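Notes for the one structure printed next.
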Amino acid sequence: MNLIFVLGTAGSGKSSFTAKFTRYLEFNREDVMAVNLDPGSMILPYSANVDVREYIKVEELMEEYGLGPNGGLMLAHDMMAGIVEDLSNDIEDFTPDICIVDTPGQMELFAFREIGAQIAQSLTDAEKGVIYIFDGIQCRDPLNYVMNMFLASAINTKFFMPQYHLISKIDALEPHEVEEIVSWSEDQYALEEAIDARLTGMNRSMSQDMLE
34 MNLIFVLGTA GSGKSSFTAK FTRYLEFNRE DVMAVNLDPG SMILPYSANV DVREYIKVEE
94 LMEEYGLGPN GGLMLAHDMM AGIVEDLSND IEDFTPDICI VDTPGQMELF AFREIGAQIA
154 QSLTDAEKGV IYIFDGIQCR DPLNYVMNMF LASAINTKFF MPQYHLISKI DALEPHEVEE
214 IVSWSEDQYA LEEAIDARLT GMNRSMSQDM LE
């Protein structure tokens with residue numbers, strides 16, 4: 034079994050990608066399943082075969098402990114450590130070849146807290162990888178692109194898993210904009226030129242520093 038974690042900034046299209054990629058694989062007769070690891074999600078664009086909300090509901094935690102939305106989400110993610118074995122068993126009951134794991138909308142709760150890496154490492158004994166989604170609309174700006182590269186690198190350091198990069202929302206971009214974003218990933222000089230031409234002041238300096 035191959036287990037793929039889908040990560041990216043809030044609103045980048047993680048759940049939409051999970052839905053469409055799962056349907057694509059099903060259409061091509063792959064044995065695939067979808068897992069939701071976001072206890073705070075309200076509506077999903079796919080039918081989750083395994084859903085953390087069956088064990089933990091943010092709304093119930095907020096009511097029980099008198100927490101706000103952020104506090105409820107943080108507690109829910111901390112509690113996920115106690116149900117990793119249950120989630121693993123649920124996944125293994127399906128015995129899929131491919132398991133797509135949709136991670137929390139607020140990426141920092143999963144990607145940059147210790148509990149997230151522990152969950153990722155402990156969730157079944159499958160071969161694992163990460164798809165990091167670059168929000169195409171946001172990444173037209175070289176500053177946002179560099180920031181996403183920095184986040185993707187930090188996740189790679191934290192998770193120690195093979196990582197693939199994907200640009201979302203390309204249907205909302207002009208073809209030349211997609212080509213430019215791709216060129217930045219292949220040619221650092223092209224990215225440096227864009228930074229020099231389109232950024233000023235502190236934004237330019239910070240972007241240049243992050244590239245070094």
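Numbered by this note's numbering, the letters in the sequence shown go through residues 34 to 245 in order. Cβ coordinates follow ideal geometry from the N, Cα and C atoms, glycine included. For clarity, every value in this text was computed on a predicted model and none was experimentally measured.
Scanning MET112, GLU97, PRO129 for the CA closest to the CA of LEU70 turns up MET112. When DSSP states are grouped into helix, strand and coil, ASP71 belongs to the coil group. PHE167 is positioned such that its CB atom lies no closer than 8 Å to that of SER216.
Where LEU36 is concerned, the enclosing beta strand (DSSP E) starts and stops at 35-41. The criterion of a C-beta distance shorter than 8 Å is satisfied by THR157 and MET34. Secondary structure note for TYR57: its alpha helix (DSSP H) is the uninterrupted segment 47-60.
Contact between the stretch 74-84 and the stretch 140-153 is not established, with fewer than three Cβ pairs separated by less than 8 Å. If you look at VAL163, you'll find it in the beta strand (DSSP E) that goes 160-168. Counting only residues of its own chain and dropping the five nearest sequence neighbours on each side, ALA187 has a CB closer than 8 Å to the CB of ALA144, PHE145.
Of all alpha-carbon atoms in CYS172, VAL68, PHE193, the one lying nearest the alpha-carbon of VAL85 is that of VAL68.
Taking a cut-off of 8 Å on C-beta distances, the stretch 34-49 does not touch the stretch 98-111, as fewer than three cross pairs fall below it.
As a beta-bridge residue in DSSP terms, MET66 pairs with CYS132. Every beta strand (DSSP E) stretch that sits fully inside the stretch 175-238 and reaches 3 residues is listed by chain position as 196-201. Secondary-structure assignment with DSSP links ASP84 through a beta bridge to ASN69.
Counting along the chain, the unbroken alpha helix (DSSP H) around GLN151 starts and ends at 147-155. In summary, MET235 is exposed, with fewer than 16 beta-carbon neighbours lying within 10 Å of its beta-carbon over all protein chains present.
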